[in-house]
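Each remark here refers to the structure printed beneath this line.
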Amino acid sequence: MTPEGLKSDICRTFCAGLSVSTVPAGFAVSTAFIMPDGDPLTFYVVETEDGWVLEDDGDFLATTIASGIPIDTGTRRNLLEGILSECSSSWDRDSFQIRSFPVAEDRIKHACISFAAALVRTRDLVHLTQETVASTFAEDLRDSVARRLCGQFEVEDDDKTDNPADFILKDTRTGLRAASIFAANSNEKLVVALLRHKERHPDDAPVIAVLEKEPGKSVSNKRFMMAQNRGLLMPFYGPDPESAIEFIRDHARKVAA
């Protein structure tokens, strides 16, 4: 094998998987990159008054969000927008399409390479679930609680303590704190939650440490048993998130208006 021969083989492989066809809006570009659903990565080149725009069909972001992965919020949104900004692109909040800024005709070939690479990278964000990236668990939990318990509780930051919870719940009727919620995805976070639990007055709102995984994984069995023996409320989120949120609702402090 020689460098020239390898280059020739790679070029043939890429070109064999590339096709361009005419569509009503402009051109459809199908690449050699095969997506998880088995279809080739495809995007469109559309002529506008300001120049040529590259865009996808919006199906990826829409399907991802509909499946419960909040790629449009928190860490994932920041990563998504960072990836797209590198190729001079953004995403439309209404159509969920990923779209480039207008480019001149002589720059389309360069823009296509950059745009295709960005579309591939955005697919990796799907794998940033609470099973693989602990830093997003608190955001996932907060987003789920806010959606499910809106109307009953308001979700706010806990910024008036040395050991803040990931967020707090306030009763919408009384404005009083109803619970302090910790996303317990590590021994350290569980210990902080236990410390807050031990410091609380009996009349204070409860401390709830939501475990990302069963004991022995994100937290050790020893830490879990210690917290359990001291009465810390610890629902499990991963295997049954809906029941975990119901647990939070049921154990939040109820105060008559």
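Taking my numbering, the leading residue of the sequence shown gets 1141, the next gets one more, and so forth.
Just so you know, even glycine gets a beta-carbon here, dropped at the ideal spot from N, CA and C.
Residues bridged to residue i (per DSSP)
i: SER1230; result: ARG1239
i: SER1383; result: In DSSP, SER1383 forms no bridge with anything.
i: SER1404; result: Coverage of the chain is limited to positions 1141 through 1397, which leaves residue 1404 absent and any answer about it impossible.
i: ILE1174; result: PRO1180
Which of helix, strand or coil DSSP assigns to residue i
i: VAL1285; result: helix
i: THR1213; result: coil
i: GLU1271; result: Residue placement at GLU1271 is poorly supported in this model, since its pLDDT is 46, which falls under 50; the coordinates still yield a value, given next. Three-state DSSP puts GLU1271 in coil, outside helix and strand.
i: LEU1372; result: coil
i: GLU1296; result: strand
i: PRO1143; result: helix
i: THR1182; result: strand
i: GLY1191; result: strand
i: ARG1317; result: strand
i: SER1358; result: coil
i: THR1367; result: Note on residue identity: the sequence assigns Ala, not Thr, to residue 1367. Three-state DSSP puts ALA1367 in a helix.
i: ALA1323; result: strand
i: ARG1152; result: helix
i: THR1276; result: helix
i: ASN1218; result: helix
i: ARG1393; result: coil
Nearest neighbour of residue i, chosen from the options [CA to CA]
i: ALA1305; options: THR1171, SER1358, VAL1295; result: VAL1295
i: ASP1311; options: ARG1393, ALA1172, THR1213; result: ARG1393
i: SER1320; options: ALA1345, GLU1328, LYS1338; result: ALA1345
i: HIS1267; options: ALA1256, ILE1211, ARG1282; result: ILE1211
i: LYS1357; options: ASN1325, ASP1343, PRO1379, CYS1252; result: ASN1325
i: THR1314; options: ARG1389, ALA1278, GLN1292; result: GLN1292
i: ASP1199; options: ARG1239, ASP1149, CYS1151, PRO1342; result: ARG1239
i: PRO1176; options: CYS1290, THR1276, ASP1264; result: ASP1264
i: ALA1278; options: ARG1287, VAL1359, ALA1323; result: ALA1323
i: HIS1337; options: ALA1206, ASN1327, VAL1169, LEU1373; result: LEU1373
i: GLY1166; options: PRO1375, GLU1245, GLY1157; result: GLU1245
i: CYS1252; options: MET1365, PHE1364, SER1170; result: SER1170
i: ASP1299; options: ARG1317, MET1366, SER1235, SER1284; result: ARG1317
i: ALA1349; options: LYS1362, PRO1143, ALA1367, PHE1236; result: ALA1367
i: THR1188; options: GLY1145, LEU1219, VAL1331, PRO1164; result: PRO1164
i: THR1301; options: LEU1281, LEU1335, CYS1290; result: LEU1335
Residue i classed as buried or exposed, judged by whether at least 16 other C-beta atoms fall within 10 angstroms
i: ALA1202; result: exposed
i: CYS1227; result: buried
i: CYS1155; result: exposed
i: SER1225; result: exposed
i: ALA1333; result: buried
i: ILE1308; result: buried
i: GLN1270; result: Any reading at GLN1270 must be qualified, since the residue scores a pLDDT of 46, below 50, and its modelled position is unreliable; no value is offered.
i: SER1284; result: buried
i: PHE1236; result: buried
i: LEU1146; result: exposed
i: SER1383; result: exposed
i: SER1159; result: exposed
Boundaries of the alpha helix (DSSP H) in which residue i is found, first to last residue
i: THR1203; result: 1199 to 1206
i: GLU1328; result: 1327 to 1339
N- and C-terminal bounds of the beta strand (DSSP E) containing residue i
i: LEU1259; result: Note, LEU1259: premise wrong, no beta strand (DSSP E); alpha helix (DSSP H) at 1248 to 1264.
i: ALA1165; result: No beta strand (DSSP E) contains ALA1165, which DSSP labels as neither H nor E.
i: LEU1351; result: 1347 to 1351
i: LEU1309; result: 1307 to 1311
Cβ of residue i within 7 Å of any chain D Cβ
i: ASP1297; result: You won't find chain D in this structure, because it holds only one protein chain.
Closer than 6 Å: residue i CB and nearest the ligand MG heavy atom
i: VAL1331; result: Among the components of this structure there are no ligands whatsoever, and the ligand MG is therefore not found.
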